[in-house]
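To keep things clear, I will list the structure first and then write my remarks on it.
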Amino acid sequence: MINHLNAAQSEQQRQWFQTLITHSDSISLGQHLPWVKHLQSKARQELQSLPLVQRKQELWRYSHAEKLFKQPFYPQTNNSDNCYQAGLESEATLSTDSFKLVFVNGRYNATLSSTLVVNNELAEGVIVGNLHAVLQSHANLVMQCFNQTARQGEDVFSALNTALMSDGVFIYIDQQVTLPQPIEVLYLSGPAEKSSSGQDSDSHTQESRKMANLRNVIILQAGAKLSLIERFSGEKDFHYFNNNLTNVVLEQGASIKHSILQDESNTAFHLNSLFLSLFKDSTYQGQHIALGSSWSRTNYTAKFKGTGATCELKGLYTVANQQLNDVHLDINHAVPGCTSSEFFKGILYGEGKAVFDGHVLVEKQSQFSDASMKNDNLMLTENAEVNTKPQLEIYADNVKCSHGTTVGQIDEQQLFYLRSRGIEESRAKKLLCLGYASEIIDAINEPLFQKQVKSILDIRLNEGLLISSSEKSS
Amino acid sequence: MGSKHQSVETLIKSDYKYGFVTDIDSDTLPPGLSESIIQQISAKKNEPAWMLEWRLKAYQRWLSMEDPEWAHIQHPEIDFQAISYYSAPRQKSATAKSLDEIDPELLATYTKLGIPLEEQMVLAGVAVDAVFDSVSVATTFRKELAAAGVIFCSISDAIQDYPELIQKYLGSVVPYSDNFFACLNAAVFTDGTFVYIPKGVRCPMELSTYFRINEANTGQFERTLIVADEGSYVSYLEGCTAPMRDENQLHAAVVELVALKDARIKYSTIQNWYPGNEEGKGGIYNFVTKRGACRGDRSHISWTQVETGSAITWKYPSCILHGDDSVGEFYSVAVTRGKQQADTGTKMLHLGRNTKSTIVSKGISAGHGQNTYRGLVRMAQRAENARNHSQCDSLLIGDQCGAHTFPYIEVRNPTARVEHEATTSKISEDQLFYCKQRGISEEDAVSMIVNGFCKEVFKELPMEFAVEAQKLLGVTLEGAVG
Numbered sequence: 000m001i002n003h004l005n006a007a008q009s010e011q012q013r014q015w016f017q018t019l020i021t022h023s024d025s026i027s028l029g030q031h032l033p034w035v036k037h038l039q040s041k042a043r044q045e046l047q048s049l050p051l052v053q054r055k056q057e058l059w060r061y062s063h064a065e066k067l068f069k070q071p072f073y074p075q076t077n078n079s080d081n082c083y084q085a086g087l088e089s090e091a092t093l094s095t096d097s098f099k100l101v102f103v104n105g106r107y108n109a110t111l112s113s114t115l116v117v118n119n120e121l122a123e124g125v126i127v128g129n130l131h132a133v134l135q136s137h138a139n140l141v142m143q144c145f146n147q148t149a150r151q152g153e154d155v156f157s158a159l160n161t162a163l164m165s166d167g168v169f170i171y172i173d174q175q176v177t178l179p180q181p182i183e184v185l186y187l188s189g190p191a192e193k194s195s196s197g198q199d200s201d202s203h204t205q206e207s208r209k210m211a212n213l214r215n216v217i218i219l220q221a222g223a224k225l226s227l228i229e230r231f232s233g234e235k236d237f238h239y240f241n242n243n244l245t246n247v248v249l250e251q252g253a254s255i256k257h258s259i260l261q262d263e264s265n266t267a268f269h270l271n272s273l274f275l276s277l278f279k280d281s282t283y284q285g286q287h288i289a290l291g292s293s294w295s296r297t298n299y300t301a302k303f304k305g306t307g308a309t310c311e312l313k314g315l316y317t318v319a320n321q322q323l324n325d326v327h328l329d330i331n332h333a334v335p336g337c338t339s340s341e342f343f344k345g346i347l348y349g350e351g352k353a354v355f356d357g358h359v360l361v362e363k364q365s366q367f368s369d370a371s372m373k374n375d376n377l378m379l380t381e382n383a384e385v386n387t388k389p390q391l392e393i394y395a396d397n398v399k400c401s402h403g404t405t406v407g408q409i410d411e412q413q414l415f416y417l418r419s420r421g422i423e424e425s426r427a428k429k430l431l432c433l434g435y436a437s438e439i440i441d442a443i444n445e446p447l448f449q450k451q452v453k454s455i456l457d458i459r460l461n462e463g464l465l466i467s468s469s470e471k472s473s
Numbered sequence: 000m001g002s003k004h005q006s007v008e009t010l011i012k013s014d015y016k017y018g019f020v021t022d023i024d025s026d027t028l029p030p031g032l033s034e035s036i037i038q039q040i041s042a043k044k045n046e047p048a049w050m051l052e053w054r055l056k057a058y059q060r061w062l063s064m065e066d067p068e069w070a071h072i073q074h075p076e077i078d079f080q081a082i083s084y085y086s087a088p089r090q091k092s093a094t095a096k097s098l099d100e101i102d103p104e105l106l107a108t109y110t111k112l113g114i115p116l117e118e119q120m121v122l123a124g125v126a127v128d129a130v131f132d133s134v135s136v137a138t139t140f141r142k143e144l145a146a147a148g149v150i151f152c153s154i155s156d157a158i159q160d161y162p163e164l165i166q167k168y169l170g171s172v173v174p175y176s177d178n179f180f181a182c183l184n185a186a187v188f189t190d191g192t193f194v195y196i197p198k199g200v201r202c203p204m205e206l207s208t209y210f211r212i213n214e215a216n217t218g219q220f221e222r223t224l225i226v227a228d229e230g231s232y233v234s235y236l237e238g239c240t241a242p243m244r245d246e247n248q249l250h251a252a253v254v255e256l257v258a259l260k261d262a263r264i265k266y267s268t269i270q271n272w273y274p275g276n277e278e279g280k281g282g283i284y285n286f287v288t289k290r291g292a293c294r295g296d297r298s299h300i301s302w303t304q305v306e307t308g309s310a311i312t313w314k315y316p317s318c319i320l321h322g323d324d325s326v327g328e329f330y331s332v333a334v335t336r337g338k339q340q341a342d343t344g345t346k347m348l349h350l351g352r353n354t355k356s357t358i359v360s361k362g363i364s365a366g367h368g369q370n371t372y373r374g375l376v377r378m379a380q381r382a383e384n385a386r387n388h389s390q391c392d393s394l395l396i397g398d399q400c401g402a403h404t405f406p407y408i409e410v411r412n413p414t415a416r417v418e419h420e421a422t423t424s425k426i427s428e429d430q431l432f433y434c435k436q437r438g439i440s441e442e443d444a445v446s447m448i449v450n451g452f453c454k455e456v457f458k459e460l461p462m463e464f465a466v467e468a469q470k471l472l473g474v475t476l477e478g479a480v481g
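Going down the list, the sequences are from chains A and B.
For the first sequence, position 391 matches number 390 in numbering that gives the first Met the number 0, and the numbering has no gaps at all.
For the second sequence, position 68 matches number 67 in numbering that gives the first Met the number 0, and the numbering has no gaps at all.
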């Protein structure tokens, strides 16, 4: 195994980042504000010195990123006005009855978004909108929020996001305000126009491989409550790279329900970094469903900053052929008396790879911490790979910490039970997979969204299992 | 809490029983490492050319390697040029073949350590190979073992007497290029133990090695090689002590086990190197590479370790399960107190079909101790129906210590089953209350609870060792009530 990058590889990687930076000059987010300019130029400098992505880095031990660095990407800019239209209607109607923000190929689409959102008139004490617009109307507030969340990502992709951020979601909820309906954010990706000849489309996709760097800032003041749904969706065989970064700050007693569905295109690259700050008695309840992408990675970094806070994460990931699905969790019990629980389940139905890396740190002063972490994997195919690493690092003695992980198969007896009732094998397997996944999906508390997730998972499993069963029989 | 703390302190300050120095005339090479030093070591041991060549190859490789940084331990940089790589008790005659010729001071040392080298041996029925600083000083029961066809001797003798076995197996499990410390060991190892159990032989007695570092500024680099031929069985014990010294001393050993078809090796360690004083001054750096290969079908390797000593323990006794139906086991109790640090665990590499492995790791941290379990379970693509169960429990005593778990699980076969469980807790108030209510003193109660916590591992130890381990644990932890 080659752990070190050779000179050529390092050069290629630096070059990859550099190319993105040089193509980004036309990005115009907040360039009239000196603090934004400063933030971005600093991030550009950091990109030169931050350690490169390599397997020798513990954080990249199992997630090979060579594939990513071989693809040339160009940052999404705001001045081009080509717009992906196909499938938008259906995507829009699928969504739940909520306030909506829609991003198409990394750019905010006002037509598809709810008008209320655009006009910032959702409710008293609530400011919701795309970052671009809010920077115009509430520049000082945005600056304060950025200051509060600054310096969280010390890795190349976070720096890249800061250097190239073009837009994003901005949500600010004032003290004791509860938003009655969920906010839904849609990230849609697809080709600008369909070309008729295959050759054309090939050369076209080469040039238009876009990378979107969206920056989301979500601030809940004391006692505020929010339900947030994020959904990533992409057209089949469309090449692109989403590098999202989300900051969530929960002040005292605030609570958020945050569901994410990653259903990117089968050829997409997806990297989503979430940084959570939890103050006293706040609650974060998250569900993360990752079904799509050819290369996908999700980083959750949660830091407890006040006692009595709770962070609860449930996740489901599936792995199809040639797919990498990676979940990294970093939970920091920096203060006493907080509770964290993480439960992630994986279904590997193709010849791909799943990575789970969870890290719980309980610092010396953090007595009465309660931390549990669990990762289960269901492995259905040959040539698939699971790498799981649930870690505990504990410096306090009066704590309750546990972790567990399993890798296993479908129970033969359960399968037999269904088969004996005349259900064909692939369908029986699917049913068992759905049952296995329901523990996670049922935690989603928006019923419409829950239904949506179920139906998409159903479709994915149909595709995956039927292919593998036909291969078996031939 | 005040009284509790006091009792912890008195205990921590309690003397390290084995901390004496033996005043013995020794033949020690000047500190430093170079090709010429390696040539001198090799010449002193009158080694054949192939051995020197292997050492030099390892040395060249070592020069290009970096000190590993991934372990959860902290220590000042080791100056490899300040260590003397060879130290031997000076013997009256060139070769001491019988016990009578060995320096009586040395024998007294072993008696002090409770290692019965002489007549007691007959009663104890344990064959001992004792390694003092760099060289093997005495091997008992050679004749009796030879009758069974078992080879049990120092590795230096084996290089002279059984070169074909050494050439075949040395470095076959832990190649010289394996890791930084194994590579250093390959370049400078001075002695160690060699065991060969022929086909179908059940070794008639427990084999044992006792390691002791005596000289100041020396490192101990021993190498153990155990080969169990088809259908054989051996149980091997290992113990270690060192004098109390202010500076840190390096112990970088390599242990290789080879189990052929249907063979079974049971390897038990009680490691009680000098842990340093309560400020963390002095103590042994125990950086050891231990690995066993289950080469044949149905072979079985079992590691049991009780780690109570050393300033830093860095060791991962591993099993490579090549053969179908082979079994690997790892049972460990690691105790850290004072400023001790332990980063220990195992690797179970499942390559063959129906291979099974069990990992039971119990970590106990007290005082300022940092205890880390780090393990890897890998199910290769070919490992049909492979099975692993891992259980890692940590017990924290006091609020200044740490317990960490870093398991790595890699599965590439859909029929493999892996389970990993870990918990971290302190001694429960309820359990303590229950015992105290029945008139058991707090110290005894803690000792009972800790012993219960470790029972799963202790029951894997051979009888004599189990008793010693329990006593050792008692001494280490008595009074440390959390």
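Think of the CB as a built atom: it goes at the ideal place given N, C-alpha and C, for glycine as much as any other residue.
The beta carbon of E205(B) sits closer than 7 Å to the beta carbons of V125, S234, L236, P461 from its chain, once the five residues preceding and following it are set aside; these are given in chain order.
When only Cα atoms are considered, C400(A) and K373(A) end up about 11 Å apart. Apart from sequence neighbours up to five positions away, the residues of its chain that approach P197(B) with a beta-carbon distance below 8 Å are G148, V149, D228, S231, ordered along the chain. Here G282(B) has N247, Y273, P274, G275, S309, A310 as same chain residues with Cβ atoms under 7 Å from its own Cβ, once five neighbours each way along the sequence are excluded. Closer than 7 Å to the CB of H349(B) there is not a single CB belonging to chain A. Only those residues of the stretch 394 to 416 of chain B whose C-beta falls short of 8 Å from the nearest C-beta of chain A are listed: L395, I396, G397, D398, Q399, C400, G401, A402, H403, T404, F405, P406, Y407, I408, E409, V410, R411, N412, P413, T414, A415, R416. Residue nearest to K304(A) within the set L323(A), G336(A), L277(A), S281(A) is L277(A) (criterion: CA-CA distance).
Here the alpha carbons of Y168(B) and S207(B) stand approximately 20 Å from one another. Those residues of the stretch 389 to 411 of chain A placed with their C-beta closer than 8 Å to a C-beta in chain B are P389, Q390, L391, E392, I393, Y394, A395, D396, N397, V398, K399, C400, S401, H402, G403, T404, T405, V406, G407, Q408, ordered along the chain.
For the stretch 421 to 434 of chain B, the set of positions with a beta-carbon nearer than 8 Å to some beta-carbon of chain A reads A421, T422, T423, S424, K425 in chain order. Assigned with DSSP and collapsed to three states, L178(A) falls in coil, not helix or strand. In terms of beta-carbon proximity, M372(A) stays away from the interface with chain B, with every pair separated by 7 Å or more. A direct Cα-to-Cα measurement between S272(A) and N160(A) gives close to 10 Å. Taken in chain order, no unbroken stretch of alpha helix (DSSP H) lies wholly in the stretch 250 to 299 of chain A with a span of 4 residues or more. With fewer than 16 other beta carbons inside 10 angstroms of its own, E438(A) counts as exposed. Where L360(A) is concerned, there is no enclosing alpha helix (DSSP H), although the beta strand (DSSP E) around it starts and stops at 352 to 361. At a cut-off of 7 Å between C-beta atoms, H388(B) does not count as an interface residue with respect to chain A.
The residues L431, C434, K435, in chain order, have a CB closer than 7 Å to that of A444(B) in the same chain once the five nearest residues on each side in sequence are set aside.
What A436(A) touches in chain B, judged by beta-carbon distance under 9 Å, is nothing: the nearest beta carbon there is about 18 Å away. Residues of the stretch 357 to 384 of chain A with a C-beta atom less than 8 Å from some C-beta of chain B are K363, Q366, N376, M378, L379, T380, E381, N382, A383, E384, listed in chain order. If you look at F102(A), you'll find it isn't in any alpha helix (DSSP H); it sits in the beta strand (DSSP E) that goes 98 to 103. The contact set of E418(B) on chain A, defined by CB atoms closer than 9 Å, consists of G403, T404, T405, V406, G407 in chain order.
With fewer than 16 other Cβ atoms inside 10 Å of its own Cβ, T177(A) counts as exposed. Distance from the CA atom of P316(B) to the CA atom of T303(B), rounded to whole angstroms, is 9 Å. For R416(B), the closest alpha carbon among the candidates L417(A), Q412(A), T405(A), Y416(A) is that of T405(A).
Remark: three or more beta-carbon pairs, one from each stretch, lie closer than 8 Å, so the stretch 292 to 301 of chain B and the stretch 323 to 343 of chain B are flagged as touching.
At a cut-off of 7 Å between beta-carbon atoms, N386(A) makes contact with chain B. With respect to the C-alpha of F448(A), the residue from G357(A), L260(A), V359(A), L312(A) having the closest C-alpha is L260(A). The beta carbon of E411(A) lies closer than 8 Å to none in the same chain, with the five residues before and after it left out.
The Cβ atoms of G351(A) and N376(A) lie no closer than 7 Å to each other. Within the stretch 283 to 340 of chain B, the complete beta strand (DSSP E) segments at least 3 residues long are 299 to 306, 311 to 314, 317 to 320, 326 to 335, listed from N- to C-terminus. Residue nearest to E278(B) within the set K289(B), E76(B), Q339(B) is Q339(B) (criterion: CA-CA distance).
About 12 Å separates the CB atoms of G407(A) and H419(B); that is not less than 8 Å, and the two are not in contact. When the alpha-carbon of E123(A) is set against those of D173(A), Q44(A), L244(A), L28(A), the nearest one is in D173(A). For a cut-off of 8 Å, the C-beta gap from L28(A) to H131(A) is around 6 Å, short enough to register as a contact. In the structure shown, I72(B) falls within a coil segment according to DSSP collapsed to helix, strand and coil.
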